[in-house]
Structures are given as structure tokens and as C-alpha cells.
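Participant: Using this note's numbering, you'd call the opening residue of the sequence shown number 208 and step up by one each time.
Glycine included, each C-beta is placed from N, C-alpha and C at the ideal position.
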Amino acid sequence: MSDGNTPNITILYEDNHLLGIVKPVNIPTQEDATGDPDLLTLLKQDIKERYNKPGNVYVGLVHRLDRPVGGAMIFAKTSKAASRLSESVRTRQFTKKYLAVVHGHPKQRQGRLTHTLLKDVRTNTVSVVPKGTDGGKEAILDYEVIGHTDKFSLVQIELHTGRPHQIRVQMKEIGCPLYGDQKYGPHLNKPGQQIALWSIVVGFPHPITKEEVIITSLPPRQFPWNEWPERIYEQIRA
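1) For the alpha helix (DSSP H) that contains residue 253, what are its first and last residues?
2) Residue 437 to residue 260, Cα distance in whole Å?
3) Since I believe residue 425 is in contact with residue 402 (beta carbons under 8 angstroms), could you give me their beta-carbon distance rounded to a whole number of angstroms?
4) Where do the N-terminal and C-terminal ends of the beta strand (DSSP E) with residue 346 fall, by residue?
5) Reducing DSSP to helix, strand and coil, say where residue 272 ends up.
6) If you reduce the DSSP assignment to three classes, tell me which class residue 440 lands in.
7) Is there contact here, the stretch 250-268 with the stretch 361-372, by at least three beta-carbon pairs under 8 angstroms?
8) Can the beta-carbon of residue 333 be found less than 8 angstroms from the beta-carbon of residue 325?
9) Starting from residue 419 and walking both ways along the alpha helix (DSSP H), at which residues does that stretch end?
10) Once the 5 residues before and after residue 255 are set aside, which same chain residues still bring their CB inside 7 angstroms of it?
11) If you pair each beta-carbon of the stretch 365-378 with each one of the stretch 334-351, do three or more pairs fall below 8 angstroms?
12) Taking C-beta to C-beta, are residue 228 and residue 280 nearer than 8 angstroms?
13) May I ask you to report which of helix, strand or coil DSSP gives residue 283?
Quick look at the structure:
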């Protein structure tokens, strides 16, 4: 789906209940203070046009990706599907896997990171705080280093919680901020660099049929993603 004014959005999966797409980078998932075109509005317009639907079109937001992040996302096309998908998220039947290029090399090749995160709404930043801090929320992820160069590591990440900026903050906390992340790695990254974080897998039980649905997306073959051979990415998707 695309026209002269909107970015090309690839559809990965669609039926009467769900819409799976590749989120383009630098588009907000939903309307924000910038007033820039947002993904939710673009998808509603697309469904309205493709199916010639009168009136309002329902598209339900189930999970989010930060504005600079691209990759696989799933949306609900009915309120029932949205409710059931949200329940899958709450009961942790909703799988979210990511790839990230980070500066340096984690001390352990794989592991689980558990931190307490606190968001400052005023500055839209998140920090690691002591457990028990008022307003702090537990953040858990598993990571595995699947490739590295002298400067960078390619890391596969599975989220077990969905906190704002979670991957970016937790990887910074272990001394490996993401490539291109000016907010959480300004001393290593330069303005204009694209953050190297990509949603590669979203999996969940179908809200109606209960069959497992898995949608996948691979990052673009450009720096720093192209520091590793295509076969590494294809193995992940397989």
C-alpha cells in the first residue's frame, strides 16, 4: 500500500480479524504531538480505500514500536480480536523477538536481563531505578549474541515485558547501547544515524481459530545490518 504522500507499507498477513504489516522506520505507531502521519491512521485509510468501506474503519492497536524502530507488527480489525490479542499479551502468549546492533560486546553471549524501569513523561526518557521505586516497573528480556565484528554485536532479543524503550535502556545498562540511538548512547552515536532495532518475529494464538500465527520481517540490507551475511538472518526467520 502506498501513494505519493505515504510510505510503502508491506502487508505480511491479513484476514477478516487481523492485519500484519512491516512498520516503516520513523513513523509513529499512533498520533503524537508532532502531528506527523501515524501508522494507525494510515492503515485505517488503506482498509477504507481497498475495501470501499463507508464510515469509520476499526483498527485496534495491540502492541507498539518506538517511532525509529521498524519491522513486524500485528493489528486487530475487530474489537473482539483486539480484546483477545490484548489478553494474549497479558498472559504472555504473545511472542515478540527483535534484532539489535549494539556497540561493543556483552560479557555473556546470552542471558536474561531484569531491571526496574521508570519513565519520565516530561522528557520521554526511561531510566533504571532500584527495585521498589515508586512508579518503577519490572522489565525482563532474554538476549543472545548471534554475530559480532570488532566494534558491534548482532543481538537477538525476546521481550517478556513491554516497557517503553525497554531494549534500548536495558542494553545500555550492560554497557552496549544500540547503534544509532542518540537518546541512550549519545557519546557513541551521531545525529542522523538510524537506530538499529528491528521487530523480526511476532507470534500469538489467532484470536478466533486459536491456531498459531507467526509473522516475520528482516531488517534492510544496509549499514550496520549488512555487516553480517544474509544466511544469519534467514536462519533466524526459519
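Facilitator: If we stick to the structure as given:
1) 246-257
2) 41 angstroms
3) 16 angstroms between Cβ atoms; not a contact.
4) 344-355
5) coil
6) helix
7) no
8) yes
9) Taken as a continuous stretch (DSSP letters only), residue 419 belongs to no alpha helix (DSSP H), being part of the beta strand (DSSP E) at 419-423.
10) 264
11) yes
12) yes
13) strand
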